[in-house]
Ligand code: ATP
Ligand code: MG
């Protein structure tokens with residue numbers, strides 16, 4: 768059996784065409800079904816639904832043989848025990864710094880200064896500001912990052928941005944792009960060796976189906 772970990776929502780939706788290209792049809796819709804293990808048309812392949820941030824954990828410890836996870840999630844989790852053979856070029860967005868539209872970011876990040884940053888991505892944020900020579904006080908949040916600069920919890924946030932409409936609706940502006948983000952195929956290092964005859968062709972089918 769091959770077990771693939773996916774998260775509900777955009778990762779699931781955008782992985783479906785890639786699975787289809789590999790001849791795999793998922794037989795339940797996660798939006799209407801309460802099942803967490805979804806069978807496919809292939810008796811030897813199943814999909815398990817986990818939180819986006821839990822995908823690398825499932826794959827690392829062999830709860831799933833492979834999965835799809837955002838680069839943002841992988842950077843925070845680390846890649847121990849994981850192989851990342853493909854950038855699937857789905858769930859594309861960017862990791863950015865944003866502040867209140869009346870905040871002077873340029874002045875706040877002058878060399879040697881100190882800034883308060885709220886984010887779910889503390890690892891990436893720590894590295895980003897260290898590279899700039901800016902001292903940073905990091906505040907870990909799990910959601911609604913946009914609220915932090917509005918309430919005085921932080922000067923800035925590091926968060927995912929796609930259209931920028933959520934920032935705009937909250938009077939925030941994107942002042943720096945840290946990196947582009949897309950979802951990656953992740954494979955358990957051991958499974959890649961022991962189940963290569965089944966996982967290998969799957970990787971190849973996915974690779975052929977990636978949008979240019
Ligand atoms: P939840 O929304 O359930 O709290 P989550 O935010 O981790 O969990 P998603 O919103 O489905 O889950 O995001 C999953 C992945 O999709 C993220 O890790 C990121 O790589 C990518 N992503 C997040 N937001 C966007 C977006 N607005 N546009 C494109 N891709 C995105
Ligand atoms: Mg989300």
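Numbering (the numbering used here), first residue to last: 768 to 979.
In this text, a Cβ means the ideal position worked out from N, Cα and C, and glycines have one as well.
For residue 783, the three-state secondary structure derived from DSSP is helix. If you check the C-beta of residue 927 against the ligand ATP, you find a heavy atom less than 7 Å away. If you look at residue 961, you'll find it in the alpha helix (DSSP H) that goes 956-961.
The C-beta distance from residue 839 to residue 862 rounds to 6 Å, short enough to meet the 8 Å contact threshold. Straight-line spacing of the CA atoms in residue 793 and residue 816 works out to 12 Å.
Boundaries for residue 813: no alpha helix (DSSP H) harbours it, while the beta strand (DSSP E) harbouring it runs 812-816, taken from the DSSP string. Relative to the ligand ATP, the beta carbon of residue 845 is positioned no closer than 7 Å to any heavy atom. In this model, residue 796 and residue 885 are separated by some 35 Å (Cα to Cα). If you draw a 10 Å sphere on the C-beta of residue 804, you find fewer than 16 other C-beta atoms in it, and that means exposed. If you check the C-beta of residue 800 against the ligand ATP, you find no heavy atom less than 7 Å away.
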